[in-house]
Amino acid sequence: MNTQASFHWRHWLHWRRLLALLLALLCALSPAGAQVRLPSLGESASDDLSIGSERRIGDQIMREGRRDPAYLDDPVLLAYVQSLWKPLLAAARAQGNIEADADQAFAWEIFLVRDRSVNAFALPGGFVGMHLGLIAITTTGDQLASVIAHELSHVTQRHIARSIAPAQRASLLAVAAFLLGVLAASRSSNMDMANAAIMGGQGVAAQGQLNFSRDVEREADRLGYGVLAAAGFNPAGMAGMFERMDAATRLNDSGGFPYLRSHPMTVDRISEARNRTLLAGGPPSRATLQHALMQMRARVLMDDGAQTLQRYNGETASPALADRAAAAYAGAMASSQLGDAARAEALAATTARLLATAEPREPAAERSVALLQAQIRLARGDAPAALAALDTLAPGDDPRPAMLLRARAQLELQRRQPDTAMAALRDATGALQTWVAEQPQDATAWELLSETSQALGLRLRSMRAAAEARAVLGDLGGAIDRLRAAQQVSRSATGQDFIEASVIDARLRQFTAQRRQLVLEARGGRGGEEPPPQ
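Adding 557 to a residue's 1-based position in the sequence shown gives its number in this note's numbering.
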C-alpha cells in the first residue's frame, strides 16, 4: 500500500476509535442519578441518541474521512458495490426494518476504503465502509452482499445509538485511561503506546458490554440474512463468507483476548448461517464473471506499489474462464498504472475476447472491460480512442463511471482541439450538471464540473462547483472562500449570470450558517435536533 495513504488511514482509524470512546466518556460523565437501561433488541433507540444527532456524528466522521487519502472513489468498483447495496436497502425498507424518521434523515451511503485488511464497518447516520481487502477475498457477489446486508442491519437497527446506554456504565478507571490515551495520542507519534493506554482502560468497561455486543451481532446476522434473501441474493453466501473471513482471521490474527472480542465467536456465526441455509434450501452461491473482475480490481487498487503491480502479468494456471478473464483484467489495470500502455491494451483485448465466449454472456462484465479500455486510452492521452470505447457501451444501471470518463475525455479533447470539441464538452458539462443536481454529495463530479465549466468560460459556475466540492469534502472554510471570491467576480463582471450569482449568494449564507453551527457544537453549545439537509 502507498505509505502515505496507510499512515493517514491508520490515524483516521485511530481517530474513529477515539470518537467512539469519547461518546462513552460523555455518557460516563452524565449525572449519577440518570437512569441507565439496556434496550431490548429491536427497540427504538430514540431515548439514547436522537436521529438528528446520530446523523451529525456520522457527517463529522465523513468530513474527516473523505479528505483521507485512503478514502477511495473508484467509479467502476463503487458502482459494482452499489449494485449490491441498492437492492439490499430496498429490501430492508420493504421489510419494515427502517424507521420512517431514520429513512428520511440518514445518508444511506456506502463507500470504499483503500485498505488491505478484511473489514467492513457501519458508522452513525447511515454510512457503511467497505475495505478493499474484504472485497478481494470474496469469491461471489452473494458473499459480498451478505457482509453489506449485515452492516446495513447495524444501521437500520441503530446499534451504535443503542450502545450508548450500556456505555454509561464505564468506570472512572476507564475514563482515566481514556484521557491518558488521548494525551499520548496528541503528544506522541507512537500510536501503539496510545492504543495500549486506551485499551487498558477500555478493557475495564468491555466485559460489561460484551453480551450486548454479541446480541447485536447476532441480530445483524439474522436480519441481514432476511434482507439478503429478500433482495434476490443467494443466502448461502453468508455462510460462505463467514468461512472465508474465519480463515483470513486465523491467518492474520494473533488470537489475543478472543473472549473480549465484540463479535460473537466465528464458529457460532458460521453454524447459525449454515443452519439458516439448510432450512431455506436452494443451490449453492454461484460466482459471476463480473464479480471475478471486480475482485481483481479491488486487489490491484489496494496496493499500487510497482513491485506488487508487476506480479499481475495477466496469466493464471487455472483453466476456468472466470479466472483467466480476471487475470487478464488485473494485468491490464496494472500495466496501465505502470505506464505500459501497449501491454495494457493487449490484455484488455484478451479479457474482452474471453468474455465473448461466455455462456451465457454477461453484459455487466463486458461493460466493465469497455470502461477499462476507455481508462487505459485516456491514461495514455488518446481521448478520441477513449471516447470510441465509451461509444460501444450498452446502457447500464449506473451511468456514473461512463459519464465521468466521457467528461474527462471531452475535456482533454477540448484542450487539444479547442475549435472542434466545444459542443461535445457542453453536452458532457450538461450531463454533470444534471447529475450533481440529483447527487449533490458527489465531490468528484463537482470537481470535474468545475474543470469543464472553466474550459467553457463559465467562470461563476466553475467557482461555485469548486466550492460545492470543498463543502462535500468537509472543508467549509474552503467552500466559503471560493464563494466569496465568486461574489467579487460576479459584482465586477459585465453581463453577469444573475441566476448563478443568486445561487452563490444563497449557498454562501447556508455554508456560513453551517460553519457557525459546527463551531457552536464544538464549544459545547446545543443546536437543533432537526435532521440535516439531504
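Virtual Cβ for every residue (Gly too), placed ideally from N, Cα, C. Bear in mind that the values here come from a model prediction, so they are computed numbers and not experimental data.
Look at Ile618 here: in three-state DSSP terms it is helix. Nearest Cα to Met960 within the set Ala978, Ala988, Leu850: Ala988.
Taken in chain order, the complete beta strand (DSSP E) segments of 3 or more residues contained in the region 915 to 962 number zero; there are none.
Around the beta carbon of Val1076, fewer than 16 other beta carbons lie within 10 angstroms, which makes this residue exposed. For Ile667, the enclosing beta strand (DSSP E) stretches over residues 666 to 670.
In the three-state reduction of the DSSP assignment, Leu606 falls in the coil class. Two segments are said to touch when three or more pairs of C-beta atoms, one from each, lie closer than 8 Å; by this definition the region 779 to 795 does not touch the region 671 to 681. Per DSSP, Phe678 is one residue of the beta strand (DSSP E) stretching across 677 to 680. For the 9 Å CB-CB criterion, Leu635 and Leu606 do not form a contact. When rounded, the separation of the alpha-carbon atoms in Arg671 and Lys643 is 22 Å. A contact is defined here as three or more CB-CB pairs under 8 Å, and the region 641 to 658 fails this definition with respect to the region 977 to 987. Listed as beta-bridge partners of Met687 by DSSP are Leu669, Ala677.
The three-state reading of DSSP puts Leu1015 in coil, since its state is none of H, G, I, E or B. The beta-bridge partner set that DSSP reports for Tyr628 consists of Val670. Spatial neighbours of Asp954 in its own chain (CB-CB distance under 7 Å, excluding positions within 5 residues in sequence) are listed in chain order as Ser640. The residues His688, Gly690, in chain order, have a CB closer than 6 Å to that of Ser674 in the same chain once the five nearest residues on each side in sequence are set aside. With at least 16 other beta carbons inside 10 angstroms of its own, Gly794 counts as buried. Pairing Ser703 with Gly797 gives a Cβ-Cβ distance under 9 Å. Around the beta carbon of Val773, 16 or more other beta carbons lie within 10 angstroms, which makes this residue buried.
Here DSSP, grouped into helix, strand and coil, assigns Gly1035 to helix. Distances from the CA of Ile694 to each of Ser893, Ala844, Arg881, Thr1069 were compared; the closest alpha carbon is that of Ala844. Within a 10 Å sphere around the beta-carbon of Pro952 sit fewer than 16 other beta-carbons, which makes this residue exposed.
Counting along the chain, Ile655 sits inside no alpha helix (DSSP H), nor does DSSP assign it H or E at all. Non-local beta-carbon contacts of Val1029 in its own chain, meaning distances under 6 Å to residues more than five positions away in sequence, involve Gln998, Ala1000 in chain order. A distance below 6 Å between beta-carbons, with the five flanking residues on each side excluded, links Arg856 to the following residues of its chain, in chain order: Ala693. By the neighbour-count criterion, in which a residue is buried when 16 or more other Cβ atoms sit within 10 angstroms of its Cβ, Pro876 is exposed.
The shortest C-alpha to C-alpha distance from Leu947 to any of Ala964, Glu1008, Gly938 is the one to Ala964. In this structure, Ala883 and Ile933 do not form a Cβ contact; the two beta carbons are roughly 17 Å apart against a cut-off of 8 Å. Rounded to the nearest angstrom, the Cβ distance from Glu1004 to Ala1026 is 5 Å, consistent with a contact under 8 Å. DSSP places Thr845 outside both helix and strand once states are collapsed to three, so it counts as coil. Residue burial is scored here from C-beta neighbours: Arg613 has at least 16 other C-beta atoms within 10 angstroms and is therefore classed as buried. Remark: C-beta atoms of Leu970 and Leu928 do not approach each other more closely than 9 Å. Put simply, of Pro792, Val633, Arg910 the residue whose alpha carbon is nearest the alpha carbon of Leu645 is Pro792. When the alpha-carbon of Gly1034 is set against those of Ile1056, Thr873, Gln1067, Thr1009, the nearest one is in Gln1067.
Ser1059: member of the alpha helix (DSSP H) spanning 1055 to 1079, first to last residue. Residue burial annotation: Arg924 is buried, with at least 16 other C-beta atoms found within 10 angstroms of its C-beta.
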